[in-house]
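Chemist:
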Amino acid sequence: MSESKTLKESRKQKLMVSYGEPVGVVAAQSLGEPATQMVLRSFHTAGVSSVVTTTGLPRVIEIIDARKRVKLPIMRIRPEKSIARDYEKVKQLKQKIEEVKLNSLLDSYDEDIKAGTIKFNLSKEKLSANGLTLAHVTSRIKNNFDGIDISAESGSISVKYKSKKDVKSIRTSFVHMLNFAVAGIPGIFKAVIQQSDDKSFYIITNGSNMARVIEIDGVDKDRIYSNDIFEVLRVYGVEAARNLIASEIQKTLSEEGFGIGFRHISLVADTMTYTGTIRSIGRHGIAGDKASVLARAAYEETVKHFINASVFGERDPLKGVAENILIGKQIAVGTGRIKLAVKKEDLKKIKSNYSEK
Amino acid sequence: MVQAEIIDHIRFTVVSPDEVKRMSVAKLIVPDTYNEDGYPIDGGLVDQRLGVIDPGLKCKTCGGRAKSCVGHFGHIELVRPVIHPEFSKSIYLLLQSTCESCHRILLDEAQIAELRPAIKGFITIDEEEIETFPETSSLAILTKKLKSVKKCPYCGTAQQKLKFERPTFFYLNGNKMKPDEIMDWLSSISNDDLSLLGIDGTATRPEWFILTALLVPPVNVRPSITLESGERSEDDLTHKLVEVMRINQRLEQDIDAGAPQIIIDDLWELLQYHVTTYFNNETPGVPVSRHRSTRPLKTLAQRLKGKEGRLRYNLSGKRVNFSARTVISSDSSLTINQVGIPMRIAENMTVPFYVTKWNIEKGKEYVSNTSYPTAVNIISKDGMRKRLTDTNREEILNSIEPGTIIERQLVNNDIVLFNRQPTLHRASIMAHRVKVLPGKTLRMNVSITTPYNADFDGDEMNLHVPQTIEAQAEARYLMQPKNTLLNAKDGRPIAFLIEDEIAGAYLLTRDDSYFDKQETMLMLSNINIYELPSPERNGKYSGKKIFSMLLPKDFDFEYSFKGNKVEIKNGNLKSGIIDNKMVGSGAILLAKLFVDYGPDTVEQFILQLSNLCLRVVYMYGLSVGIKDYYNTEKQITNRTEIIAEAEGKVAELTKIYKSKKLERLPGYTSKETYELMLLAQLEEARAKAIKLISSTTDESNGAYMLATIGARGSLLNMLMIKLFLGQQQVRGKRPSRGYSGRVLPFFKKGTKNPENKGFVSNGYQDGLNPLQLYMHGMGSRDSAMTKSLVTAVSGYLQRRFINALQDFYVETNLSVKDASGALIQTIYGGDGVDPTMEMVMDQKL
């Protein structure tokens, strides 16, 4: 007998996964094996765009660790279709988004730390380039700093501290002022306009703040992108976060030249999100939440898990793979899931048949 | 296989002092091991009631000998109670949650009523009982709330400040609490109150967190070893227990003698220290207990935890029998499903042969054989195992009957598992058919090296012989390379032609490749084909036709890639070159054959094609030598031009940069822009040089040909040997650190000269000057460091992935569930398609 049929003979049936297939392990291996060949270098310009993000192995680890803060968050903001090809309008949009620090608007500044005064000499060109007015900047500073007298005249703003403070704290608050964002959305450090193949413009940013950006008129809320998974979870919900996890892993791997089946990646994304929040792959996430004491103890923090289990009288149901290997039982995945059931009467029949011969 | 008993579940609880005494066979009283005669002291730590490890002695409890007795527990009665250090955190939480005076939980009746249903695991919403999942750490969560309660809601006592000092010290309002006081407090917490904290008082009483009797493990757990000098060396645990007992005894004597309280308290604390380190010698805040040789002792926690601990080293992974390991080497006459095994291994390994009435003759043959394929052991129907010797051969031969199991030596076509570490994916362990060969290495076809990531520069591989029929069947049908040819990662074939074979396939199927009759006959007879294809008009045979001899006669296939249009009609290669994409790592042709004709065809095809291709290579005389890398005069002048041009551009760029007129790229500082543009410039020089090689070299150059057809090496390799290395990089940038403003001390400060920033304008053939060598060394060091780091990081990543996903399986309805029954995906991957069929789907094979 031939040891196996050809696929052609049993095509339809063969395309589907088999019952009991340990798809988790297959996914883990499929993702883990290429990781050995990946580079550890983290900074890389994302394609042609000029914004720096994390790529390669560090990015994969960042995603599956479910880090609350992305090291280098970026956003891609597409304007609504009606204005997408109008550079000027996109530029206006960009100005609304990008943080403008007071420092970047100045020609110079004079400070007298002893007297507690500082005079900002604003540049008219820089102001208008950012679409700002002197009055706007003045009110922004006024609303965000306490205990100051502020006055604006002929292109400059003077600030004086009402109460006497020590030199050091005055200096620090001046520095704060210089780095204060007088316009734009907090968290968006840099915004660059790019043009895509279909001649429409879009904005790439360093820093991410989805909740604020989607409130701005002219932003296409349906085509906005951020690589901050928790932010997407907060703003768009868990389904969106799941899709982002999957697409980010796939993107990162394919940038390195690894084409990995989407089924593996989607399984990882679903594993991380099926509870409704994001759990990490590791000790504090999925592995730490397992039902089995033995499986958790065999993974990490052995003693802690045994002690807690005994305090709370935990019961290990022995259903998973790790714990069954530990106690020497057959594991319940793959061919190990298949059980043979025989009726008692039939068994007797077989036995009597066998003993006759 | 029938299992007598199956463990259904495991319950974890804390052992009570009564339980300790019930388990114990001996109360130990002497803090010593052996007497002067080397005989175990009664009541000592190696008391014979705890089991025996010396051969010749008998266990006083069960009467068994060293091999049959697994040992029995003993106990030490502690004169004063001592806190179990691992439970001190739980003790603290309990003390915080209960009243210091009446020991009731610090929750009033209303709060309890609210909490009660949730604890039971059910809450009632709209008269419907819904199961909740009580948090295991509910104690910690509740305590956070309770520790701020100032006054007991029951007795009204104001709660004093409780302080916990690691590892085992508790202070109430600044006064130290003795373990016995804590024990009294804990023992008067009611089971009812405990249940609110998630603790089942019937299983685990909190006063058991404080030890009054210490369980002593059997000697089998802590065997002493006899050194060559005849000196006995005790196990670390025994050492620790001796110390515990010694202090315990001194404490008892001092109490009896009415010693001052200070001395007693000091000893009590010392006892606590020894007990603490007995459980965990890495407890934070406690000095490490050391052996006489200053080596830290390995106590209970150290035995369990970590990679070399009991769980990961001995339980998750176990030693096995029926395995072999040796160096591997190649054999092109084996198919991808075979493995060549040296006679010495075949003679030493056994496979059970189950005698039935149908194969009894074969079985008897093995028994009567006096040399190689012979029986080794015979297991009779009643389970008696006997070794076959020359003296008992006749007797055993007569006892063979259906039901007997004969353990015979490994023979051809037995199924074995073949493995190379690191076992990164499932294709790192595959089943092969045995082929016993002369020699001392394990042999395999080179086409199956890729999934194992093996080469023959000294690699060793492991071999395992499955012992049950079920295991053998599984291996045969599910694990043979031909049956698992498509990879689970992306659905590509795992076995394909590599290196010389690719070159051979290319040379064979080039449009202008023709062979005369003799050559053709040699090539085909070499792979056991004894027919000739139809000759061309000039009497020669085209390579394409020779290749077609290997294809099934009704095979149709079309594929075009980068101008190479491969067309196969009725098993005839009409056009196109068979290259890397077809039968190499792309392996589209192999995948198509696998889908249409099945595993056996592919197995045969790979075997025949690789041998055919190798034959072509021999006949062609393909070789690579230093001559392939010689530069012509013109190439040398061109190289100088390319480098001069690049340097000119760099100088220009530098000038613009220095005059601060460099236009910044969006999102970069001007320095970053400068660096980026420089790198781009030097990269361009490389690209130009590669173009130079392609335009001035042809296929008569072996190295060039191999690189262009994707058999081995790349044009970049050639460039680095022939022309120049180009820019060296450290951490993705030009070398920049070292001295202020320069890389090496004898450079001018702030130099912008590419040579001084890691640009190497010589190739390996010219040799590098000291400066270049240094720069190249920096780059090499960086990449070596990075590589070693990546293996560690990615290894841990792999472990985490496996651990998180290992329990998932596909249900009958194609959904994915985990061990606890949680639904991960409603349909696997969104469509339920087997991931190995990825490429079959995408390429519509």
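Residue numbers (this note's numbering), protein chains in the order written: chain A, 18 to 374; chain B, 5 to 849. Idealized CB from N, CA, C, for every residue including glycine.
At a CB distance below 9 Å, what residues from the segment 814 to 840 of chain B approach chain A? Give them in sequence order.
Modeler: For the segment 814 to 840 of chain B, which is checked against every Cβ of chain A, the residues closer than 9 Å are Val814, Glu815, Thr816, Leu818, Val820, Asp822, Ala823, Ser824, Gly825, Ala826, Leu827, Ile828, Gln829, Tyr832, Gly833, Gly834, Asp835, Gly836, Val837, Asp838, Pro839, Thr840.
Chemist: What residue range is occupied by the uninterrupted beta strand (DSSP E) comprising Gly344 of chain B?
Modeler: From DSSP, the beta strand (DSSP E) with Gly344 of chain B extends over 342 to 346.
Chemist: I want to verify the contact list: residues of chain A whose CB lies under 9 Å from the CB of Asp394 of chain B, in sequence order.
Modeler: Neighbours of Asp394 of chain B on chain A: none; closest Cβ ~35 Å, over 9 Å.
Chemist: Can you pull the DSSP bridge partners for Pro300 of chain B?
Modeler: DSSP, once it has assigned bridges, lists B:Arg294 as partnering Pro300 of chain B.
Chemist: Three or more C-beta pairs closer than 8 Å, one from the segment 19 to 33 of chain B and one from the segment 64 to 82 of chain B: is that the case here?
Modeler: A contact exists between the segment 19 to 33 of chain B and the segment 64 to 82 of chain B.
Chemist: Assuming Arg168 of chain B is part of the beta strand (DSSP E), what are its boundary residues?
Modeler: Reading off the sequence shown, one finds Phe at residue 168 of chain B, where the question assumed Arg. Phe168 of chain B -> beta strand (DSSP E) spans 166 to 169.
Chemist: Could you tell me the distance, in whole angstroms, from the CA atom of Arg170 of chain B to the CA atom of Val86 of chain B?
Modeler: Their backbone Cα atoms lie some 14 Å apart in a straight line.
Chemist: Classify Pro35 of chain B as helix, strand or coil using the three-state DSSP reduction.
Modeler: Note: Pro35 of chain B maps to coil in three-state DSSP.
Chemist: Would you please verify whether the beta carbon of Ile582 of chain B is less than 9 Å from any beta carbon of chain A?
Modeler: Not closer than 9 Å to any Cβ of chain A, the Cβ of Ile582 of chain B fails to qualify, so no.
Chemist: Which chain B residues are close to Ser47 of chain A, counting only those with a beta carbon under 9 Å from its beta carbon?
Modeler: Under the 9 Å cutoff, chain B gives His429, Asn491, Ala492, Lys493, Asp494, Pro839.
Chemist: Roughly how many angstroms separate the alpha carbons of Pro210 of chain B and Arg76 of chain A, rounded to a whole number?
Modeler: Whole-angstrom Cα-Cα distance: 46 Å.
Chemist: Would you check if the segment 444 to 463 of chain B and the segment 352 to 372 of chain B touch, i.e. whether three or more CB-CB distances between them fall below 8 Å?
Modeler: Result no; under three Cβ-Cβ pairs closer than 8 Å.
Chemist: In chain A, which residues lie less than 7 Å from Glu478 of chain B when you measure between Cβ atoms?
Modeler: Near Glu478 of chain B (Cβ distances below 7 Å), the residues of chain A are Thr352.
Chemist: Cα-Cα, which of B:Gln685, B:Glu679, B:Pro749 is closest to Gly736 of chain B?
Modeler: For Gly736 of chain B, the nearest C-alpha among the options comes from B:Glu679.
Chemist: What do you get for Tyr96 of chain B, buried or exposed, if any count of 16 or more other CB atoms within 10 angstroms of its CB means buried?
Modeler: Result: buried.
Chemist: Classify Thr287 of chain B as helix, strand or coil using the three-state DSSP reduction.
Modeler: In this structure, Thr287 of chain B counts as coil in the three-state DSSP scheme.
Chemist: Can you name the start and end residues of the alpha helix (DSSP H) that Ala475 of chain B belongs to?
Modeler: 473 to 478 is the extent of the alpha helix (DSSP H) around Ala475 of chain B.
Chemist: Mind checking whether Ile364 of chain B and Ile382 of chain B have CB atoms under 9 Å apart?
Modeler: Contact: no.
Chemist: Return no unless some Cβ of chain B is closer than 9 Å to the Cβ of Glu20 of chain A.
Modeler: Only weak support is given to the placement of Glu20 of chain A: the predicted model assigns it a pLDDT of 43, under 50, and the question is left unresolved by the model.
Chemist: Taking C-beta to C-beta, are Gln90 of chain A and Gly224 of chain A nearer than 9 Å?
Modeler: In the sequence on display, residue 90 of chain A carries Pro and not Gln. Yes, the pair counts as a contact, with Cβ atoms nearer than the cut-off.
Chemist: Which residue marks the beginning of the beta strand (DSSP E) containing Thr330 of chain B, and which one marks its end?
Modeler: 327 to 334 is the span of the beta strand (DSSP E), which, as asked, contains Thr330 of chain B.
Chemist: For Lys167 of chain B, which residues in the same chain have their Cβ closer than 6 Å to its Cβ, ignoring the five residues on either side in sequence?
Modeler: Closer than 6 Å at Cβ, skipping near neighbours: Tyr175.
Chemist: Measure how close the beta-carbons of Asn807 of chain B and Tyr316 of chain A come, nearest whole angstrom, since I'm counting them as under 8 Å.
Modeler: About 5 Å separates the two Cβ atoms, so the contact holds.
Chemist: Could you tell me whether any Cβ in chain A is nearer than 9 Å to the Cβ of Lys557 of chain B?
Modeler: No - not a single Cβ of chain A is within 9 Å of the one on Lys557 of chain B.
Chemist: Distance cutoff 9 Å, beta carbons only. Does Ala308 of chain A sit that close to anything in chain B?
Modeler: So yes, Ala308 of chain A belongs to the interface.
Chemist: In chain order, which continuous runs of the alpha helix (DSSP H) of length 4 or greater are located wholly inside the segment 541 to 624 of chain B?
Modeler: As far as the segment 541 to 624 of chain B is concerned, its whole alpha helix (DSSP H) runs of at least 4 residues are 547 to 552, 584 to 587, 592 to 601, 603 to 624.
Chemist: When you compare only the Cα positions, how much space is there between Ser66 of chain A and Asn147 of chain A?
Modeler: Low per-residue confidence applies at Ser66 of chain A: pLDDT is 48, beneath 50, and the placement is therefore not dependable, though the value from the model is reported in the following sentence. Near 22 Å, if we compare the C-alpha coordinates of Asn147 of chain A and Ser66 of chain A.
Chemist: According to DSSP, Asp127 of chain A sits in a beta bridge with which residue or residues?
Modeler: DSSP, once it has assigned bridges, lists A:Lys136 as partnering Asp127 of chain A.
Chemist: Could you please tell me which residues of the segment 267 to 290 of chain B, in chain order, have their CB closer than 8 Å to any CB of chain A?
Modeler: Flagged, chain order: Asn284.
Chemist: Nearest CA to the CA of Ser589 of chain B: which residue from B:Ala499, B:Val620, B:Leu82, B:Leu526?
Modeler: Ranking B:Ala499, B:Val620, B:Leu82, B:Leu526 by Cα distance to Ser589 of chain B puts B:Ala499 first.
Chemist: Closer than 9 Å, Cβ to Cβ, to anything on chain A: give me those residues from the segment 305 to 324 of chain B, in chain order.
Modeler: Listed in sequence order: Ala305, Leu308, Lys309, Gly310, Gly313, Arg314, Leu315, Arg316, Leu319, Ser320, Gly321, Lys322.
Chemist: Can you pull the chain A residues whose beta carbon is under 8 Å from the beta carbon of Arg15 of chain B, in chain order?
Modeler: Those are Gly330, Glu331, Arg332, Asp333, listed as they occur along chain A.
Chemist: Mind checking Ser141 of chain B: buried by the 16 CB within 10 Å criterion, or exposed?
Modeler: The predicted position of Ser141 of chain B is uncertain, since its pLDDT is 47 and thus under 50; a value taken from the coordinates is nonetheless stated next. When all chains shown are included, Ser141 of chain B counts as exposed.
Chemist: Rounded to whole angstroms, what is the Cα-Cα separation between Glu97 of chain A and Gly313 of chain B?
Modeler: Their Cα atoms are separated by approximately 60 Å.
Chemist: For Ser35 of chain A, which residues in chain B fall below 9 Å Cβ to Cβ?
Modeler: Val814, Asp838, listed in chain order.
Chemist: Helix, strand or coil: how does DSSP classify Asp504 of chain B here?
Modeler: Asp504 of chain B falls in the helix class under three-state DSSP.
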